[in-house]
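**Q** Residue numbers (the working numbering): 24 to 248. To start, I am sharing the structure in question, which I have written as C-alpha cells.
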Ligand SMILES: NC(=O)c1ccc[n+]([C@@H]2O[C@H](COP(=O)([O-])OP(=O)(O)OC[C@H]3O[C@@H](n4cnc5c(N)ncnc54)[C@H](OP(=O)(O)O)[C@@H]3O)[C@@H](O)[C@H]2O)c1
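So, in C-alpha cells, the structure goes:
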C-alpha cells in the first residue's frame with residue numbers, strides 16, 4: 024500500500040474510494056470542495072483532508088503543496104452533471120463552459136500540480152473518472168450535451184498526456200463507474216456505490232505502462248471511444 028489522493032471525496036463515489044482505500048491500509052489525502060461531509064465520519068490517522076476546488080488554480084496549488092511528497096495513486100473523481108438544461112434550445116453557454124471547466128480541465132489541473140510528486144521509481148496510477156457518456160460510438164440517445172462533451176474532452180486530454188507520462192512511470196486509466204446510485208446517478212441507478220468502487224479498484228490492479236490510457240468500465244470491460 025502507498026499514498027493515494029482522491030478529489031471530490033466528501034460524498035458519493037469519492038467518499039467510498041476513501042473508505043475502501045483506508046480499509047486496505049492506504050494513506051489517503053482527500054479533497055472536498057465545501058463541506059467535509061462523509062470524510063468527517065472516518066476516524067483514521069492515515070486520512071488527511073484539505074479543501075479543493077478543481078476550478079481554481081489557487082485552490083489546486085494549495086492542495087498540491089500540502090500533499091504528501093510521494094504519491095502512488097491519484098483518483099480524479101470530482102465532477103458535475105449538466106442538469107440545468109435538457110435539449111438543444113436550452114443549452115446555456117455559461118453553464119456548459121463551467122461543466123467543461125470542472126470535468127475536463129479540473130482533473131488536468133490536478134495532474135499538473137501533483138505531477139512531480141507522482142513521478143518516482145515505482146509505478147503511479149492515475150484514475151480519471153469519466154463516463155460511458157463520453158463515448159462517441161455509444162452516443163445513441165444524445166442530449167446531456169455539456170456533460171458528454173466534457174468527459175470526451177477529459178478522455179482526449181488523458182490519452183494525449185499518457186505519452187509524456189510513460190517516461191515518468193505514470194500510468195493513466197479512464198474509468199466508467201457504471202450508472203451508480205449517488206446524488207448524481209439517482210435512486211434508479213442499478214449499481215451500488217461499494218460495488219462500483221471495488222470494481223474500479225480491481226481494474227487498477229491490472230494497470231501497467233503498456234496498457235496506459237485505456238477506457239475501462241468498472242467491471243473490466245474495455246469501452247469504445
Ligand atoms: N453516479 C454515476 O452514475 C456516474 C456515472 C458515470 C460517471 N460518474 C462520475 O463519477 C464521479 C463522481 O460522481 P458521483 O456520482 O459520486 O457524484 P456526486 O455524488 O454528485 O459527487 C460529486 C463530487 O464532486 C465534487 N465536486 C463537484 N465540483 C467540484 C469542484 N469544482 N471541485 C472539487 N470537487 C467538486 C462534489 O463536491 P460538492 O459536494 O462540494 O458538490 C462531490 O464531492 C464524477 O466525475 C461523475 O461524473 C458518475
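Ideal Cβ placement from N, Cα and C applies to all residues, glycine included.
Among 88, 127, 168 and 145, whose alpha-carbon lies nearest the alpha-carbon of residue 114?
**A** For the purposes of this step, residue 114 is identified with residue 91 of the chain shown, where counting begins at 1. Ranking 88, 127, 168 and 145 by Cα distance to residue 114 puts 168 first.
**Q** DSSP puts residue 7 in a beta bridge; with which residues?
**A** Residue 7 is absent from the model: the chain starts at 24 and stops at 248.
**Q** Report the rounded CA-to-CA distance for residue 195 versus residue 67, giving the unit in angstroms.
**A** To locate residue 195, count along the chain shown from 1; it is residue 172. To locate residue 67, count along the chain shown from 1; it is residue 44. Distance between the alpha carbons of residue 195 and residue 67: 28 Å.
**Q** Say yes only if the C-beta of residue 78 is nearer than 7 Å to one or more non-hydrogen atoms of ligand 1, and no if none qualify.
**A** Taking the first residue of the chain shown as position 1, residue 78 is located at position 55. Yes; taking the cut-off as 7 Å, the Cβ of residue 78 has a heavy atom of ligand 1 nearer than that.
**Q** Write down the C-beta distance between residue 178 and residue 150 rounded to the nearest angstrom, noting that I regard them as a contact closer than 8 Å.
**A** Translated into positions along the chain shown, residue 178 becomes position 155. Translated into positions along the chain shown, residue 150 becomes position 127. At roughly 13 Å, the Cβ-Cβ gap does not stay under 8 Å, so residue 178 and residue 150 are not in contact.
**Q** For the 8 Å Cβ check, are there 3 or more pairs between the region 24 to 42 and the region 92 to 105?
**A** Flag = yes, the region 24 to 42 and the region 92 to 105 touch.
**Q** Does the region 120 to 136 come into contact with the region 56 to 67, if we say contact requires no fewer than three beta-carbon pairs (one atom in each stretch) closer than 8 Å?
**A** The answer is no - the region 56 to 67 does not touch the region 120 to 136, with fewer than three Cβ pairs under 8 Å.
**Q** Would the beta-carbon of residue 125 be found less than 7 Å away from any heavy atom of ligand 1?
**A** As a working note, residue 125 is residue 102 in the chain shown. Correct: residue 125 has its Cβ closer than 7 Å to ligand 1.
**Q** If you check the beta carbons only, do residue 235 and residue 185 fall under 8 Å apart?
**A** Position 212 of the chain shown holds residue 235. Position 162 of the chain shown holds residue 185. Yes. Within cutoff.
**Q** I'd like to confirm something about residue 33: is its beta-carbon nearer than 7 Å to some heavy atom of ligand 1, or not?
**A** In the chain shown, the residue the question calls residue 33 occupies position 10. Because some heavy atom of ligand 1 lies under 7 Å away, the Cβ of residue 33 counts as near it: yes.
**Q** Do residue 91 and ligand 1 come close, with the Cβ less than 7 Å from some heavy atom?
**A** As a first step, residue 91 is located in the chain shown; it is residue number 68 there, counting from the start. Checking the Cβ of residue 91 against ligand 1 gives no.
**Q** Would you kindly report the start and end of the unbroken alpha helix (DSSP H) that includes residue 65?
**A** If you number the chain shown from 1, residue 65 lands on position 42. Where residue 65 is concerned, there is no enclosing alpha helix (DSSP H), given that its DSSP letter is neither H nor E.
**Q** Give a yes or no on whether the C-beta atoms belonging to residue 225 and residue 243 are separated by under 8 Å.
**A** Taking the chain shown and counting its residues from 1, the one referred to as residue 225 is at position 202. Taking the chain shown and counting its residues from 1, the one referred to as residue 243 is at position 220. Taking 8 Å as the Cβ cut-off, residue 225 and residue 243 qualify as a contacting pair.
**Q** What's the gap between the Cα of residue 162 and the Cα of residue 174?
**A** Within the chain shown, the letter at position 139 stands for residue 162. Within the chain shown, the letter at position 151 stands for residue 174. Going by the C-alpha atoms only, they are around 12 Å apart.
**Q** Considering just the uninterrupted stretch of the beta strand (DSSP E) at residue 151, what are its terminal residues?
**A** Position 128 of the chain shown, counted from the start, is the residue given in the question as residue 151. Start and end: 147 to 152.
**Q** Do residue 84 and residue 136 have their beta-carbon atoms positioned less than 8 Å apart in this structure?
**A** In the chain shown, residue 136 corresponds to position 113, counting from 1. In the chain shown, residue 84 corresponds to position 61, counting from 1. The answer is yes: Cβ separation under 8 Å.
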